[in-house]
Amino acid sequence: MAAGGGAWAVAPTASADDAPRITQLAGVTEGATLSGTARIEARTSGTVDRVEFSLSGASTATWTERDAPYYFLGNNGTVVPGWNAAAAPDGAYTLAVRAIGPGGTAQQTVRFTVGQRVGAPGATPATGGDVSAANPSVSNGVATFTANKAIGKLSVPDSWTEIVIGAGVTLKGNFFIPANRTKALTITGRDKQTSQLTGDGPHVKDYARAGVTTEAKIKLTLRTYTSVNPRFYHMWAKNAHVVMSGMRYLDTRDLGSNNSDGFSGGDDSLIENTLIDTWDDSAKLYTGDLTIRDTTIVHNRNGAPIQMAWGDYGKGTAILDGLTVISNSSDGYNQGVFSWAGGTQADTRTIRIVGAGFVRKVNPGMVEAPLYAFKDGVKNKTIRVEGGDCAVVRSTSANTVQGVNTSGNKVVVTGCE
């Protein structure tokens, strides 16, 4: 019987016709020299679950598409932002593309060069007059930053549909998305390491100063840039459907100077191909289901990689499909990997592990963090774990912490192997 009470069904073996195939990589050719925007599409046949893109060379990027058409860096309906070679460093690049399905994996690789044409005339500004570049320049709703800038608390105009942070560009401040916005918004970095958004002051408990912040109920896509030392959360969007891919959330300040949290999105949000290394809670399981895929979280001393709640509120299931958590403290931990930090009313959160989708590691010289923690005063809370490796996820006296004045808390593990 299935864990939910239904009978297990045996899936039929995939046939040769189901095998995924990449029939064409449109938008780029082998040996090409690119200098503008490339809209690269993997055209496929057979049964395809997802297509993974991995760009290497003078600039790097990763991207996963789960629905056709399969464009590198995605699409928003008929709008395809593409990859802007003009904002990328000159040099040689390789794009590896994998189509993955129940019948196997197909891969193609294309090599190309980025090089701006010597002596090519610059574009004439649409408005004429001063030829110095605007920063950001805005065209068809896409605002592109090509130089470092202090943006402060930038209220995103409703006319913007995408914000692009160029390679080697650092923006100092945060993006504030008004609560009355209804349009989807994408924030993209051209290079996930060198396209950066940083805080512009010390820590402050003000949601309006999170790196990206909104109360709008929109689709919010964040991809391939680095967020460093925000003044509050790296991202706070409790009502938004957030899709975050290829990101890095970093905190390089000392432990005592901040408590910047990582991710807080709305129901059915997704984190994939991302690194989170911050000093407080990495991901909040407050406002609905959250899928975490092919992601690494560094577990520092102060926070929890997955925080259930700090009180009697919230709901959700965390679906782990490739989460690695690395213990990174030599001096103990304030929270476990899965933590409940407050509340006394009966409540349950579910951790659903896909296959071997949850792995734990310990950095050299560090001690392993608790797996489960119920903080002081927490009562009547249940963490339900479905699936995973029994040796990893079982609750024991050694890996489960019950704080002072706690009662009625439990970890229930089902379906592990």
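Just so we're aligned: the sequence shown equals residues 47 to 463 in my numbering. In this text, a Cβ means the ideal position worked out from N, Cα and C, and glycines have one as well.
Here's the rule: buried if 16 or more other CB atoms are within 10 angstroms of the residue's CB, otherwise exposed. What is residue i?
i: Thr-460; result: exposed
i: Thr-232; result: buried
i: Lys-330; result: buried
i: Ala-114; result: exposed
i: Gln-391; result: exposed
i: Val-164; result: Because the pLDDT of Val-164 is 38, which lies under 50, any placement of that residue in the model is unreliable, and the number read from its coordinates should be weighed accordingly. Val-164 comes out exposed.
i: Asp-326; result: buried
i: Gln-70; result: exposed
i: Gly-161; result: exposed
i: Ala-1; result: Past the edges of the chain, shown from 47 to 463, lies residue 1, and the structure says nothing about it.
Starting from the C-beta of residue i, find all residues in its chain whose C-beta is less than 6 Å away, skip the five residues before and the five after it, and write them out in chain order.
i: Ile-338; result: Ile-317, Leu-366, Leu-369
i: Gly-128; result: Thr-83, Ala-84, Arg-85
i: Arg-440; result: Val-459
i: Trp-386; result: Met-354, Phe-420, Val-424, Lys-427
i: Thr-267; result: Thr-232, Val-289
i: Lys-456; result: Thr-428
i: Ala-262; result: Ile-223, Ala-225, Arg-227
i: Gly-50; result: At Gly-50 the pLDDT is 40, less than 50, meaning the model places this residue with poor confidence; the figure from the coordinates comes in the next sentence. Nothing listed; no residue qualifies.
i: Asp-307; result: Tyr-279, Asp-326, Asp-327
Starting from residue i, follow its DSSP beta bridges and name the residues at the other end.
i: Val-97; result: Glu-111, Ala-145
i: His-345; result: Ser-373
i: Ser-205; result: In DSSP, Ser-205 forms no bridge with anything.
i: Gln-353; result: Lys-330, Ser-385
i: Ala-152; result: Ala-145
i: Ala-364; result: Leu-336, Ile-397
i: Trp-325; result: According to DSSP, Trp-325 bridges with nothing at all.
i: Tyr-464; result: Any property of residue 464 remains undetermined from this structure, which presents the chain solely from 47 to 463.
i: Asn-130; result: Thr-83
Identify which residue in the options has its Cα closest to the Cα of residue i.
i: Gly-77; options: Leu-141, Thr-106, Thr-110, Leu-119; result: Leu-141
i: Phe-273; options: Thr-442, Lys-284, Asp-323; result: According to the sequence shown, residue 273 is Ser rather than Phe. When only C-alpha atoms are compared, the closest one is Asp-323.
i: Ser-328; options: Arg-294, Tyr-359, Asp-358, Gly-334; result: Arg-294
i: Phe-222; options: Ser-185, Tyr-253, Ser-205; result: Tyr-253
i: Ala-152; options: Asp-95, Asp-136, Ser-205; result: Asp-95
i: Ser-17; options: Tyr-332, Gly-198, Thr-390, Thr-342; result: This structure cannot speak to residue 17, because the chain is shown only from 47 to 463.
i: Arg-157; options: Leu-80, Ala-145, Pro-203, Trp-109; result: Leu-80
i: Ala-132; options: Leu-417, Ala-104, Ile-399; result: Ala-104
i: Leu-336; options: Lys-284, Ala-437, Gln-154; result: Lys-284
i: Gly-73; options: Ala-65, Asp-64, Arg-89, Pro-66; result: Arg-89
i: Gly-411; options: Gly-434, Gly-382, Asn-220, Gly-378; result: Gly-378
i: Gly-257; options: Gly-245, Trp-109, Ser-102; result: Gly-245
i: Glu-208; options: Ile-397, Val-184, Ala-193; result: Val-184
i: Ala-415; options: Ser-291, Gly-219, Val-344, Leu-321; result: Val-344
i: Thr-465; options: Gln-154, Cys-462, Tyr-418, Glu-432; result: Examination of residue 465 is not possible in this model, given that the chain is present from 47 through 463 alone.
i: Arg-112; options: Val-188, Ser-291, Leu-101; result: Ser-291
i: Gln-154; options: Val-143, Pro-148, Gly-147; result: Val-143
With a threshold of 7 Å on Cβ separation, who are the neighbours of residue i within its own chain once the five nearest residues in sequence on each side are excluded?
i: Ala-169; result: Residue placement at Ala-169 cannot be trusted, given a pLDDT of 40 that sits under 50; what the coordinates show is reported in the next sentence. Nothing listed; no residue qualifies.
i: Val-126; result: Arg-85, Tyr-117
Please tell me whether, using a cut-off of 7 Å, the distance from the CB of residue i to the nearest non-hydrogen atom of the ligand COA is below it.
i: Val-143; result: No copy of the ligand COA occurs in the structure displayed, which carries no ligand at all.
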